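Structure first, then comments.
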Amino acid sequence: MNLLGALSHWIITVISTMGYAGILLLMAIESACIPLPSEVILPFAGYLAFTGRFHLAWIAVIGALGCNLGSDVAYWVGHAGGRPLAERYGRMVLVSRRDIDLAEHWFQRFGDATVFFARLLPVIRTFIALPAGIARMPLGRFNLYTFLGSVFWCWALAYAGFRLGQHWDILRVYFHRFDLVIVAALALLAALWIWRHVRELRRAA
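Just so you know, we're using this note's numbering here: the sequence shown kicks off at 932 and counts up by one.
Shown next as structure tokens:
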């Protein structure tokens, strides 16, 4: 059994055993920057709604609440380390003061939309809470837009599992391929970012 298969089996066991509490727990873990595949959690929960065990609306609400719980952990990690830590050790990880200024400006001006739309994207949705915390996005707005984006994501995936019934697990194959595309794009952007910062540091030296 490969890693994804073993992880999927564990997710199914947790939800089958714990019910709605399992959905809450797993979605909280996924949103705390630990990449559990919600593309397995929610379609399987949707399949259980198809069998009559769960209700779609409750899956969406409880899944979104789990996202908020996990995201708050990641948010406070970013918030606690914050700007002083970034300015002190930023050069060691190629983060300049200008980058910190841009991040704060972005979340002050577009923070709500950033968090909301990031919650609708695989991979990115898992990590958006950290920069929001570093940028000191107001916690109330962060939680509101996290919930709104997450409840839509949770309902959509659960509904897909509900419609597919016992064939719900074919979704994980398609989403896994989509995840790989996003990861490749992020890796390319990270490489460009590192190259730009190395060049700036060499010029400064």
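For each residue, glycine too, the CB sits at the ideal point set by N, CA and C. This structure is a prediction, so every number in the text was calculated from the model and none was measured.
### Query
Expressed to the nearest angstrom, what Euclidean distance is found between the alpha-carbon atoms of asparagine 999 and threonine 1077?
6 Å
### Query
When you compare only the Cα positions, how much space is there between leucine 955 and isoleucine 1065?
25 Å
### Task
Please confirm if the stretch 967 to 976 is in contact with the stretch 1002 to 1014, defined as three or more CB-CB distances below 8 Å between the two stretches.
no
#### Entry: Cα-Cα separation, asparagine 1074 to glycine 1096
32 Å
### Task
Please say whether methionine 958 and glycine 983 have beta carbons closer to each other than 7 Å?
no
### Message
Distance check for histidine 940 and phenylalanine 1047, CA to CA, integer angstroms please.
### Response
30 Å
### Message
Just to confirm before moving on: does the CB-CB distance between glycine 953 and isoleucine 943 stay below 7 Å?
### Response
no
### Where phenylalanine 1083 sits in the DSSP three-state scheme
helix
### Query
Which one of Arg1094, Thr1045, Arg1067 has the shortest CA to CA distance from leucine 1079?
Thr1045
### Message
Pop quiz: leucine 938 and proline 968 are said to be a contact at Cβ under 8 Å. What is the actual Cβ separation, rounded to whole angstroms?
### Response
7 Å
### Query
Using DSSP with H/G/I as helix, E/B as strand and the rest coil, what is serine 939?
helix
### Query
Who are the near neighbours of alanine 980 in its chain, counting only those whose CB is closer than 8 Å to its CB and skipping five residues on each side?
His986, Leu987, Ile990, Ala1089, Gly1092, Phe1093
### Query
Mapping DSSP to helix, strand and coil, what is leucine 1000?
helix
### Message
Comparing C-alpha positions only, which one of Asp1043, Ser1081, Ala1005 sits nearest to leucine 1052?
### Response
Ser1081
### Query
Does the separation of the CB atoms of alanine 1005 and alanine 963 fall below 7 Å?
yes
### Message
Taking the straight line between their C-alpha atoms, what separation do you get for tryptophan 1086 and arginine 1050?
### Response
12 Å
### Query
What is the DSSP secondary structure of proline 974, counted as helix, strand or coil?
helix
### Message
Using CA atoms only, rank isn't needed, just tell me which of Asp1003, Leu1070, Thr948, Val992 is closest to isoleucine 960.
### Response
Asp1003
### Task
Using only alpha-carbon positions, find the residue among Thr1057, Leu1061, Phe1058, Arg1072 that is nearest to valine 1040.
According to the sequence provided, residue 1040 is arginine. The question's valine does not apply to it. Of Thr1057, Leu1061, Phe1058, Arg1072, the residue nearest in Cα terms is Arg1072.
### Query
proline 1015: which of Trp1084, Thr948, Gly950, Arg1067 sits nearest, CA to CA?
Arg1067
### Query
When we look at the beta-carbon of isoleucine 993 and count the other beta-carbons within 10 Å, is it buried (16 or more) or exposed?
buried
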